[in-house]
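Residue numbers (my numbering), protein chains in the order written: chain A, 190 to 594; chain B, 190 to 594.
Given below as structure tokens:
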């Protein structure tokens, strides 16, 4: 007998029929003799509906009240799943973040989990109950409700799997697993049987929607065995695990397209020590993830600094930087939302050379201009005009021969 | 400067525009120099939508999960009001039941408030904040979310007013105050300027929708000054207060119609001590309020026992009684939902005789058959066929000369 954490996303719980289907799937696992903890997202569309309401009430909503509001979506689905399971004869209990003491810091809307008290979960499992936990939410020490940011339910699932030392954490979604790229862009994209934590982190951080970045980091850190699979069929899914030898033979595992970022450029910044930290410290303190950072070489003691942030925090980031602007002294700040970021990822890059050259050549042949470049050991990312994003993905997918055969 | 608790019902917060209107009203009170604590219901229709979902998931929903589900409605409105107030420049903070420690017993769906910790509310008021508390909900000692039953937000408001020793508790609703009867039934019904706690309790317990029964009991017990008024205009409303001399001059203050009850009749019950208690004890333990109880005179050592309960717990009550049936030994149990209860209420009945006779005479003249009768010191209730309920109200309203002139 083992302990399995199963997380179901918004499209898997979009209405009562889908929730009942999830209940049946959970019962199948339970009948195989496993203890099951389920983590749920809100019904597809519900979180967006609540966000819209928040912005109607206040164009610049306070993040504490925002979290109080949008955390209701998961509360609805967990209670409904408990009711469905009970109607099928399976004892079940639902828990909100604060009811199983998912303690987070107080950075609302992108809070980080600090600890989970497994006691109540284990007690409930002992009673032959399926335990259902609201994804995406926790509470801080003062009892304020916090949320973990978009896709935070994945993180809840992995964090619970880590806290309970679960044997497996299954992320059920509306796709069969992790693909070489988004099948909506390349119809011949191939499902991967397995992928390393490192690659998955890079893919997730570069816009692959299938798993939230932080959940992969968590899984890697605590060695949680993670599977992504579809809630609509019984296909095997993709195993995310530690790197092994055969993975290195594949040069590129995946290509992502991220259209949700915006570019901020600071013009004529004094090129002296401490400037970058004075700019990025307040941004980091606000919990905003700056992604690509590019600094040009200096001329006359001045430089240009360009970086990308998620579009939804562009306004906030700009405000924070304008605040330190007079102190740091730069000419002006320019924002550009008309960008797309394309990234190719693969642990094979460590041992294969010429990958970057091939990327640049492919884009050049397709007349796609590169605005920014950034690389890691196993990733190459380029920023292009938004209109060219999909074309770039298709060209690279073909160039690196990633299609299914 | 005084402390005012303002409660707004579902129709007053049915969408963002209405919520913004509530925010403006709250700010007006704040600007007059008062501290304000606001208690909100869910958006009109939302609780019903959630109840429907619960029953789709499970025809016989577990009450803990049911409460977990339906308590989300108030969570949405309180956060939205906080956001609206903030957008209008008024600092505000919303709190869920467990965040201000509204401790209840564990009788889900009709829990009773045991205590409220005023500390966090006072701390927040000190920061010039409007405090917004979710109505209808609390949590038990284990941290499970409980709800207080239909109209429970009134109770939350009065309980908070009592706990904070507020100077006034205003219940804002979609009508101007308490009327002699439902104006939808008698268009010439008259708004009362004031009414005694005792009368209001009787009216509320007999189906007047304007205030929840338990909130009036609470207000009377703790001497909370209570006003019912409209959120859509500035009219004065109705003051609910201790009885005073002029009130006694009015024979009948109000007439109610309750179509939400059902009748249960136990046939050929052994007429011996302890039978009634064995029947009603499990019902009471389940937190079900039995209303009228009528027992016929005995024949051959057997009797018939009839009583009414809210229709929504008819099934549950019947189950409970069938369980003790074999033990008690009665012939059969009959349920009838085709009933309406009409009650007339007035403290003047204490000093005026002949009220009952006039009621019976009026109904007789209108060819309305009386199925059950029950009286209190200041109330006479009759059960009639559902079809005759409205007709009975209109006839009595006229006979007792209660119309506005």
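Each residue gets a CB set at the ideal place from its N, CA and C atoms; glycine is no exception.
| Asked | Found |
| --- | --- |
| Within chain A, the residues that residue 258 of chain B reaches when beta carbons sit closer than 8 Å | 264, 265, 268, 269 and 272 |
| Residue 236 of chain B, DSSP secondary structure in three states | helix |
| Minimum C-alpha distance to residue 458 of chain A - residue among A:499, A:485, A:277 and A:344 | A:485 |
| Residue 397 of chain A - containing alpha helix (DSSP H), residue span | Per DSSP, residue 397 of chain A belongs to no alpha helix (DSSP H) and is neither H nor E. |
| Within chain B, the residues that residue 286 of chain A reaches when beta carbons sit closer than 9 Å | Per Cβ cutoff of 9 Å: no residues; residue 286 of chain A is ~11 Å from chain B at best. |
| Three-state secondary structure assigned by DSSP to residue 519 of chain A | coil |
| Within-9 Å CB hit, residue 282 of chain A to chain B | yes |
| Residues near residue 476 of chain A in its chain [Cβ-Cβ closer than 7 Å; skip 5 each side] | 296 and 299 |
| C-beta neighbour in chain B for residue 275 of chain A, strict 9 Å | yes |
| DSSP state of residue 681 of chain B mapped onto helix, strand, coil | Examination of residue 681 of chain B is not possible in this model, given that chain B is present from 190 through 594 alone. |
| Local Cβ density within 10 Å of residue 139 of chain A, reported as buried at 16 or more and exposed below that | The requested residue 139 of chain A does not occur in the structure, where chain A is confined to residues 190 to 594. |
| Start and end residues, beta strand (DSSP E) containing residue 402 of chain A | Not the beta strand (DSSP E): residue 402 of chain A falls in the alpha helix (DSSP H), residues 402-411. |
| Residue span of the beta strand (DSSP E) that contains residue 227 of chain A, given as start and end | 224-229 |
| Close beta carbons around residue 330 of chain B, own chain, < 8 Å, minus the five adjacent residues each side | 292 and 295 |
| Closest by C-alpha distance to residue 532 of chain A, when choosing among A:500, A:553, A:573 and A:519 | A:573 |
| Spatial distance of residue 322 of chain B from residue 422 of chain B (CA atoms) | 23 Å |
| Cross-strand partners of residue 195 of chain B (DSSP beta bridge) | B:227 and B:359 |
| Closest residue to residue 590 of chain B among B:439, B:478 and B:517 (Cα-Cα distance) | B:439 |
| Buried or exposed by the 16-neighbour rule on C-beta atoms within 10 Å, applied to residue 529 of chain B | buried |
| Min CB distance residue 239 of chain A to chain B below 9 Å | yes |
| Chain A contact for residue 476 of chain B (CB, 9 Å cutoff) | no |
| Check whether residue 360 of chain A and residue 415 of chain A have beta carbons under 9 Å apart | yes |
| C-beta neighbour in chain A for residue 205 of chain B, strict 9 Å | yes |
| Chain B contact for residue 337 of chain A (CB, 9 Å cutoff) | no |
| Cutoff 6 Å; reference residue 577 of chain B; Cβ partners in own chain excluding five residues on either side | 557 |
| Through-space distance from residue 535 of chain B to residue 437 of chain B, alpha-carbon basis | 8 Å |
| Contact under 9 Å by Cβ, residue 384 of chain A with residue 427 of chain A | yes |
| Contacts that residue 147 of chain B makes with chain A (C-beta to C-beta distance below 8 Å) | What is shown of chain B runs 190 to 594, which leaves residue 147 of chain B out entirely. |
| Any chain A beta carbon closer than 9 Å to residue 333 of chain B | yes |
| Stretch pair the segment 461-471 of chain B + the segment 544-564 of chain B: three plus CB contacts closer than 8 Å | no |
| Under 9 Å by beta carbon: chain B residues contacting residue 243 of chain A | 268, 269 and 272 |
| The beta strand (DSSP E) enclosing residue 452 of chain A, as first and last residue numbers | 450-459 |
| Check whether residue 319 of chain B and residue 392 of chain B have beta carbons under 9 Å apart | no |
| Inter-residue Cα distance where the pair is residue 435 of chain A and residue 290 of chain B | 56 Å |
| Residue interval of the beta strand (DSSP E) (run including residue 385 of chain B) | 383-385 |
| For residue 578 of chain B, the three-state DSSP class (helix, strand or coil) | helix |
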